[in-house]
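Novice:
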Amino acid sequence: MLAHSAASGLAPGFPKALIVPHAGYVYSGSVAAEAYDKLRPARGIVRRVVLLGPCHRVPVRGLALPDAAAFATPLGQVPIDREAIESLAGLPQVVVSSAVHAEEHALEVQLPFLQRVLGEFSLVPLAVGAATPEQVAEVIDRLWGGAETLIVISSDLSHYHPYAEACAIDRGTAQAILDFSTEIDHEQACGATPVAGMLLAAKRHNLNVELLDLRNSGDTAGGRGRVVGYAAFAFWDGAQNFAEEHGRTLLEIARNSIEAALGVSELKLLPDEPWLKPAHATFGTLTQNGRLRGCIGSLEAHRPLGEDVRHNARAAALSDPRFPPLTREELASTRIEVSLLSTPKRLAFADHADLIAQLRPGEDGLILEYGEARGTFLPQVWDSLPDPEQFVAELKRKAGLSPSVSTAKCGIQRYRVLKWKEAEWKDDGA
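Heads up: the sequence shown is residues -15 to 414, going by my numbering.
1) So, does the stretch 291 to 302 touch the stretch 362 to 382, judging by three or more C-beta pairs under 8 Å?
2) What are the residues that DSSP puts in a beta bridge with C279?
3) For F226, collect the residues of the same chain with a Cβ closer than 6 Å to its Cβ; drop the 5 residues on either side in sequence, then sort them by chain order.
4) Count the other C-beta atoms from every protein chain shown that fall within 10 angstroms of the C-beta of G274, then say buried if there are 16 or more, exposed otherwise.
5) DSSP beta-bridge partners for Y9?
6) What residue range is occupied by the uninterrupted beta strand (DSSP E) comprising S138?
7) Once the 5 residues before and after A115 are set aside, which same chain residues still bring their CB inside 7 Å of it?
8) Would you mind sorting N200 into buried or exposed? The rule is 16 or more other CB atoms within 10 Å of its CB.
9) Nearest CA to the CA of S(-8): which residue from Y147, A265, R41 and V248?
10) Alpha carbon to alpha carbon, how far is F105 from H295? Give it in angstroms, no decimals.
11) Looking only at its chain, what residues have a beta carbon closer than 6 Å to the beta carbon of D338, apart from the 5 residues adjacent to it on each side?
12) Taking DSSP's pairing of strands, which residues face G200 in a bridge?
13) If you count every other CB in all the chains shown that lies within 10 Å of the CB of G413, and 16 or more means buried, which is it?
14) Applying the criterion that 16 or more other CB atoms from any shown protein chain within 10 Å of the CB defines a buried residue, is A53 buried or exposed?
15) Let me check understanding here. Comparing Cα to Cα, which of P309, I320 and E284 lies closest to R24?
16) G413 by DSSP, collapsed to three states: which one?
17) Within a Cβ cutoff of 7 Å, which residues of the same chain sit near L(-6), ignoring the five residues on either side of it in sequence?
18) Would you tell me roughly how many angstroms separate the C-alpha atoms of P58 and P96, rounded to the nearest one?
19) Once the 5 residues before and after K410 are set aside, which same chain residues still bring their CB inside 6 Å of it?
20) When we look at the beta-carbon of P43 and count the other beta-carbons within 10 Å, is it buried (16 or more) or exposed?
21) Going along the chain, which unbroken runs of the beta strand (DSSP E) with 3 or more residues stay wholly within the stretch 105 to 163?
22) Looking at C39 and V79, is the spacing between their C-beta atoms short of 7 Å?
23) Just mark P5 as buried or exposed, buried being the case when its beta carbon has 16 or more other beta carbons within 10 Å.
24) Leaving out five residues on either side along the sequence, give the residues of the same chain with a beta carbon under 6 Å from the beta carbon of S249.
25) So, for V293: in the same chain, excluding its five sequence neighbours on each side, which residues have a beta-carbon less than 8 Å away from its beta-carbon?
26) For H286, count neighbouring Cβ atoms within 10 angstroms of its own Cβ and tell me buried if that reaches 16, exposed if not.
27) Buried or exposed: T311, going by 16 or more other Cβ atoms within 10 Å of its Cβ?
28) Within 10 angstroms of its Cβ, does S386 collect 16 or more other Cβ (buried), or is it exposed?
29) In the DSSP assignment, find the beta strand (DSSP E) that holds L251 and state where it starts and stops.
30) Helix, strand or coil: how does DSSP classify T57 here?
31) Which runs of the alpha helix (DSSP H) fall wholly inside the stretch 336 to 379 and span at least 4 residues, in chain order?
32) Could you tell me whether the stretch 9 to 23 touches the stretch 202 to 219, where touching means 3 or more Cβ pairs closer than 8 Å?
33) Count the other CB atoms within 10 Å of the CB of K187; is the residue buried (16 or more) or exposed (fewer)?
34) If you run the structure through DSSP and keep just helix, strand and coil, what is F333?
35) Whose C-beta lies closer than 8 Å to the C-beta of H89 among residues of the same chain, with five residues either side of it excluded?
36) For V33 and V120, what's the separation of their Cα atoms in angstroms?
Given below as structure tokens:
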């Protein structure tokens, strides 16, 4: 579901909080994936997850913690964060109840998604019973933390209405959440109380909220006579999109990396900016008079953005096997481009013709895989290979495959890029 989500991952950071549904994965997993895919850059940064959801089995007054030391899933154990729980001491609305958590699915169903995107983290699981939104917000505020702490609210929307009626109800609920309204009731969302508490806390912390997906079980895996609604929201602290100033900083990092490698200048410290710390995949491309002079990059995010740009720019200048290493004399006439890749998504297609029909010339970057063979073309390659048939044929050749290899037997992933390029260099005689 993460591999097929529509989320791009092209954001300067990651959400501070999510609202996600908690039905069986066949019903709501694809909706939840739209939110969780936004957390890929948070891997290695988020170390604590505060998870709140409603009580479905055993009622409780307040917010209930378990008395367990860890939660277990097929992906491993997630330890309970005792230090964070100790910070809640003295809040009368926080209680401990093993009975509340024993059969409660609303929290547990979120863990495999979190394990897949974040890796290792500790957990503060709170089942929310009879409490006020303000009491929930007080707990969230106590656990707010910094970039190391993520807050996840688990809630479905309306239950068991006919499809058209449910759509109307859920659109109203989604708008109420976007408006930071805390008047949502439990007919609109089973997790209305933790949702309202999150909205109070988010408003106090000046977060922005974004609706990522809104569907119901009639859209996913059930009939339309009686449906359950699902939505995914992300709460952001800061910009949700990259802008020109981000690109200027990345180009400065790239040029300084090359200059330092050539001994022209000292290597500068990376700017202490939060958006440079999450992992992203980038390519560094060098051109001279419009002709390629080097291109090296990463298809998967495995380094902080600033480090990845620095590494790939230097590699494009010195380590592209197609070209000799760049010299000091060439540096002034070399133009640098930094490309920031979205998370690659698997492309489902029936045959070669279906693949060709789905391609978006000028927009899609492609990764082609067949056995151990692998190749990629950035979207910029469409400039020289505008015909989709030729684009795919040349990508096969780049991967080392024979033209006779069936496209239907290849794995194809699609991505897009944001790119920033230096202005053309001109010799002014100086």
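Where a beta carbon is used, it is the ideal one built from N, C-alpha and C, also for glycine.
Specialist: A quick look at the data gives this:
1) Short answer: they don't touch.
2) Taking the first residue of the sequence shown as 1, we reach residue 279 at position 295. Within the DSSP secondary-structure output, C279 pairs in a beta bridge with T269.
3) For this step, residue 226 is matched to residue 242 along the sequence shown. Taken in chain order, the residues that qualify are P(-4) and L402.
4) Here the question's residue 274 lines up with position 290 in the sequence shown. When all chains shown are included, G274 counts as exposed.
5) In the sequence shown, the residue the question calls residue 9 occupies position 25. Per DSSP, none; premise fails for Y9.
6) Locating residue 138 in the sequence shown gives position 154, counting from the first residue. Residues T133 to S138.
7) Within the sequence shown, numbered from 1, the residue matching residue 115 stands at position 131. For A115, where only same-chain residues beyond five positions count, the Cβ hits under 7 Å are G46, L47, Q77 and T177.
8) Reading the sequence shown from its first residue, position 216 is the one you call residue 200. By the 10 Å Cβ count, N200 comes out buried.
9) Working through the sequence shown from its first residue, we reach residue -8 at position 8. It is A265 whose Cα lies nearest to the Cα of S(-8).
10) Here residue 295 is taken as the residue at index 311 of the sequence shown, counted from 1. Here residue 105 is taken as the residue at index 121 of the sequence shown, counted from 1. One C-alpha to the other measures close to 28 Å.
11) As a working note, residue 338 is residue 354 in the sequence shown. If we look at D338 and ignore the five residues flanking it on each side, it has no Cβ neighbours.
12) For this step, residue 200 is matched to residue 216 along the sequence shown. A small fix is needed here, since residue 200 is Asn in this sequence, not Gly. N200 pairs with G213.
13) Taking the first residue of the sequence shown as 1, we reach residue 413 at position 429. Annotation note: pLDDT 35 at G413 (below 50); position unreliable, no value reported.
14) Against the sequence shown, residue 53 aligns to sequence position 69. Exposed is the call here.
15) Indexing the sequence shown from 1 puts residue 24 at position 40. With distances taken between Cα atoms, R24 lies closest to E284.
16) Mapped onto the sequence shown, residue 413 falls at position 429. With a pLDDT of 35 at G413, under the threshold of 50, the modelled position of that residue is not reliable, and no figure is offered here.
17) Walking along the sequence shown from the start, residue -6 turns up at place 10. The residues are F226, L324, S326 and L402.
18) Residue 58 sits at position 74 when you count from the first residue of the sequence shown. Residue 96 sits at position 112 when you count from the first residue of the sequence shown. Each residue's Cα considered, the two are about 8 Å apart.
19) Taking the first residue of the sequence shown as 1, we reach residue 410 at position 426. Confidence at K410 is low in this model, with a pLDDT of 41, below 50, so the placement of that residue should be treated as unreliable; the coordinate-derived value is given next. Excluding positions up to five away in sequence, the list is empty.
20) As a first step, residue 43 must be located in the sequence shown, where it is residue number 59. Exposed, because fewer than 16 other Cβ atoms sit within 10 Å of the Cβ of P43.
21) Counting only runs of 3 or more, we get 106 to 112, 133 to 138 and 143 to 145.
22) By one-based count along the sequence shown, residue 79 stands at place 95. By one-based count along the sequence shown, residue 39 stands at place 55. Their beta carbons are not under 7 Å apart, which means V79 does not touch C39 by this criterion.
23) For this step, residue 5 is matched to residue 21 along the sequence shown. So P5 ends up on the buried side.
24) Translated into the one-based positions of the sequence shown, residue 249 becomes position 265. Taken in chain order, the residues that qualify are E243.
25) The residue labelled residue 293 in the question sits at position 309 within the sequence shown. Result list for V293: L234, I237, A238, S241, T266, G268 and V322, in chain order.
26) What you label residue 286 is simply residue 302 of the sequence shown in a count that begins at 1. H286 should be labelled exposed.
27) Counted from its first residue, the sequence shown places residue 311 at position 327. Classification for T311: exposed.
28) Translated into the one-based positions of the sequence shown, residue 386 becomes position 402. When all chains shown are included, S386 counts as exposed.
29) Counting from one through the sequence shown, the residue named residue 251 turns up at place 267. Note, L251: premise wrong, no beta strand (DSSP E); not H, not E.
30) Indexing the sequence shown from 1 puts residue 57 at position 73. If DSSP states are grouped into helix, strand and coil, T57 belongs with the strands.
31) 336 to 342
32) yes
33) Counting from 1 along the sequence shown, the entry for residue 187 is found at position 203. It counts as exposed.
34) On the sequence shown, residue 333 is found 349 positions in, with the first residue counted as 1. F333: coil per DSSP, three-state reduction.
35) For the purposes of this step, residue 89 is taken as the residue at position 105 of the sequence shown. Excluding sequence neighbours, H89 sits near H6 and H40.
36) Translated into positions along the sequence shown, residue 33 becomes position 49. Translated into positions along the sequence shown, residue 120 becomes position 136. Those two C-alpha atoms are separated by around 16 Å.
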